[in-house]
Amino acid sequence: MRIAILGGAFDPPHIGHYLVARQTLEKLHMDEVWFMVCYQYFPEFPIKNFRISSYTYRYKMVEYISTPPLIVSNFESNFNKSSKTINTLLLLKEHYPQHMFYWIIGSDQLETFRLWNKWSDIVQNHNLIIFPRDTNFVNLENRVKRAFQLNIIPSHIIILEETELIVSNISSSLIRKRIRTGLPIKGMVDEKVERYIRKNKLYKIPNVK
1 MRIAILGGAF
11 DPPHIGHYLV
21 ARQTLEKLHM
31 DEVWFMVCYQ
41 YFPEFPIKNF
51 RISSYTYRYK
61 MVEYISTPPL
71 IVSNFESNFN
81 KSSKTINTLL
91 LLKEHYPQHM
101 FYWIIGSDQL
111 ETFRLWNKWS
121 DIVQNHNLII
131 FPRDTNFVNL
141 ENRVKRAFQL
151 NIIPSHIIIL
161 EETELIVSNI
171 SSSLIRKRIR
181 TGLPIKGMVD
191 EKVERYIRKN
201 KLYKIPNVK
């Protein structure tokens, strides 16, 4: 099978995550898209004083937006608790040699991509999908070339530049901030996710030590 991987903390999962997964599935004719819930947050470049919500909470919220062929995956909690992307990619190939995996990278991650562990290995040896996170499609290919230090884009790197894509700049950090300040999040997250957040009183206290 051809399987796209959307990795992240999903703290919380939001409509932007769903749009990326659904449109990647449809536009690139993937068999499945896996939401890869990371066990640790930002292992590539840790953010000072940031404390992630428990894996159990985050995994459960992603379950609410996962309907096959969109699948929530506990692969990292079982095999790669360090959550380093390169390790996950190698382990996926080891455990599922019959599948072809594609790692989805949002265009908003390009500026910091070279901070990722073994970023050059990721670029050279693994299938990648670049998904725009804003409506500025101009020069996206050039941005990818600069980020990956490439002169040409090889065939195993796919850039989605279609103007009919629905893109969203909603972020998990924005949602957490709105919750802490008492602002509504209706329409930004799935209704089941919102109910789960309120039931468990998530994000009411700032995520700082």
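The sequence shown begins at 1 in UniProt numbering and counts up by one. All C-beta atoms, glycine included, are put in the ideal place defined by N, C-alpha and C. Just so you know, these numbers come straight off a predicted model, no measurement behind them.
Exercise. Compare the C-alpha of Asp108 against each of Pro97, Val72, Ala147 and name the closest.
Key: Residue nearest to Asp108 within the set Pro97, Val72, Ala147 is Ala147 (criterion: CA-CA distance).
Quiz item: Taking Cβ positions, are Lys145 and Arg180 nearer each other than 8 Å?
Solution: Contact flag unset, no.
Quiz prompt | Limits of the alpha helix (DSSP H) - the one that Ile179 falls within | solution = 172-180
Quiz item: What runs of the beta strand (DSSP E), each 3 residues or longer, lie entirely inside the region 116-159?
Solution: 127-131, 157-159
Self-check item: Span of the alpha helix (DSSP H), counted from its first residue to its last, around Tyr96
Solution: Membership of Tyr96 in any alpha helix (DSSP H) is not indicated, and neither H nor E is assigned to it by DSSP.
Quiz item: Considering Arg195, what are the terminal residues of the alpha helix (DSSP H) in which it resides?
Solution: 191-199
Self-check item: Nearest neighbour of Gln23, chosen from Ile104, Asn151, Leu150 [CA to CA]
Solution: With distances taken between CA atoms, Gln23 lies nearest to Ile104 out of Ile104, Asn151, Leu150.
Practice problem: Below 8 Å on the Cβ atoms is my guess for Ile3 versus Trp34; work out the distance and round it to an integer in Å. | Solution: 6 Å
Quiz prompt | Rounded straight-line distance, which links the Cα of Ser172 to that of Pro206 | solution = Summary for Pro206: the model assigns pLDDT 47, below 50, so the residue's position carries little reliability; its value from the coordinates is reported in the next sentence. Cα to Cα, the separation comes out at about 13 Å.
Quiz prompt | Leu160 and Pro184 closer than 8 Å at C-beta | solution = no
Quiz item: Of the residues Trp116, Glu191, Lys201, which one's Cα is nearest the Cα of His14?
Solution: Glu191
Quiz item: Excluding sequence positions up to five away, which residues of its chain have a Cβ less than 6 Å from the Cβ of Leu70?
Solution: Ala21, Val33
Quiz prompt | Given 8 Å, three or more beta-carbon pairs between the region 80-89 and the region 119-126 | solution = yes
Quiz item: In angstroms, rounded to a whole number, what distance separates the CA positions of Glu26 and Leu165?
Solution: 11 Å
Quiz item: To the nearest angstrom, how far is it from the Cα of Leu6 to the Cα of Ile175?
Solution: Answer to the nearest angstrom: the Cα atoms are 19 Å apart.
Quiz item: Under a Cβ-count criterion, where at least 16 other Cβ atoms within 10 Å of its own Cβ denotes burial, should Ile197 be classed as buried or exposed?
Solution: buried
Practice problem: Take the Cβ of Asn151 as the centre, count every other Cβ of all protein chains shown within 10 Å, and call the residue buried at 16 or more, exposed below. | Solution: Asn151 should be labelled exposed.
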